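Here's the structure we're looking at; comments come further down.
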Amino acid sequence: MWNYLLQAMGYTRSYEEGLEGGLLLVKFTEENPDKLTSKEYEPNLMKLYGFVLRMLDKLDRWEEYLEVWESIFINTKLELTYVKDARKFHGSQMEPFIIREDANTLYVHFLWGTHYRKALIERKLAKKRMGKRIGNLLHASPAELTGAERKRRVRHIMEIARTINPNFR
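Every letter in the sequence shown is one number past the one before it in my numbering, and letter 119, counting from 1, is 119.
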């Protein structure tokens, strides 16, 4: 179901709605950790935080993206595991993201997977602040879709979902 949501937000360019929904889900998840098992809680938070960042990115809200990214990085210790050799492959770029390690494993902040995107957004923002032209750096806008085209895209997503799962409504 999560993948359907991601596809729908992108295909219909419903980024503002996606951001609102994502923030509500983050708030609910953070306020109700007892509603999920320990195995569900952290992976769900990682998905939701990543989703919120993706929506801010798609909305070209670069300052907010960077503020939220920094807040998540500083205030969470949500980790993914990597083999110890990952440090050799990724070099010093990975170091700030390593939360802990043991003999065989690196426990790396999940935002490591977004560090390249963060760097790109920082470059975009620098160009904007220098007064350079940034039109080619912006994402496609939801306003570029007509209402009819958005509806057609939603119907298309629903058809795909029903093909995969006949019980999908």
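Glycine included, C-beta positions come from ideal geometry on N, C-alpha and C. Everything numeric in this text was worked out from a predicted model, so none of it was measured.
{"Check": "Pairs of beta-carbons, one from the region 106-117 and one from the region 69-86, closer than 8 angstroms: are there three or more?", "Outcome": "yes"}
{"Check": "For Arg61, does the three-state DSSP call read helix, strand or coil?", "Outcome": "coil"}
{"Check": "Classify His109 as helix, strand or coil using the three-state DSSP reduction.", "Outcome": "strand"}
{"Check": "I'd like the span of the beta strand (DSSP E) that includes Leu80, first residue to last.", "Outcome": "Glu79 to Val83"}
{"Check": "How would you write the range of the beta strand (DSSP E) that Arg100 sits in, first residue to last?", "Outcome": "Ile98 to Glu101"}
{"Check": "Arg87: which of Glu64, Glu101 and Gly135 sits nearest, CA to CA?", "Outcome": "Glu101"}
{"Check": "Do you know offhand how far Thr75's Cα is from His90's?", "Outcome": "Inspection of the sequence shows that residue 75 is occupied by Asn rather than by Thr. So the two alpha carbons sit approximately 24 angstroms from each other."}
{"Check": "Which residue comes first and which comes last in the alpha helix (DSSP H) that contains Met94?", "Outcome": "Where Met94 is concerned, there is no enclosing alpha helix (DSSP H), given that its DSSP letter is neither H nor E."}
{"Check": "Which stretch, first to last residue, makes up the alpha helix (DSSP H) that contains Thr155?", "Outcome": "In the sequence on display, residue 155 carries Arg and not Thr. Its alpha helix (DSSP H) spans residues Gly147 to Ile164."}
{"Check": "I need the DSSP call for Arg87, collapsed to helix, strand or coil.", "Outcome": "helix"}
{"Check": "Check whether the region 4-22 and the region 32-45 are in contact - that is, three or more C-beta pairs closer than 8 angstroms.", "Outcome": "no"}
{"Check": "Report yes or no: do three or more beta-carbon pairs, one from the region 30-39 and one from the region 2-14, lie closer than 8 angstroms?", "Outcome": "no"}
{"Check": "So the alpha helix (DSSP H) Leu144 belongs to, where does it begin and stop?", "Outcome": "Note that residue 144 is Glu in the sequence shown, not Leu. Element bounds for Glu144: n/a, residue is neither H nor E."}
{"Check": "Taking the alpha-carbon positions, what's the Gly135 to Ala103 distance?", "Outcome": "48 angstroms"}
{"Check": "Closest to Arg155 by C-alpha separation, out of Pro142, Ala143, Arg169 and Glu144, would be which residue?", "Outcome": "Arg169"}
{"Check": "Given a cut-off of 7 angstroms, decide if Lys77 and Ile99 are closer than it, judged by their beta-carbon atoms.", "Outcome": "yes"}
{"Check": "Specify the secondary structure class of Ile134 as computed by DSSP and reduced to three states.", "Outcome": "coil"}
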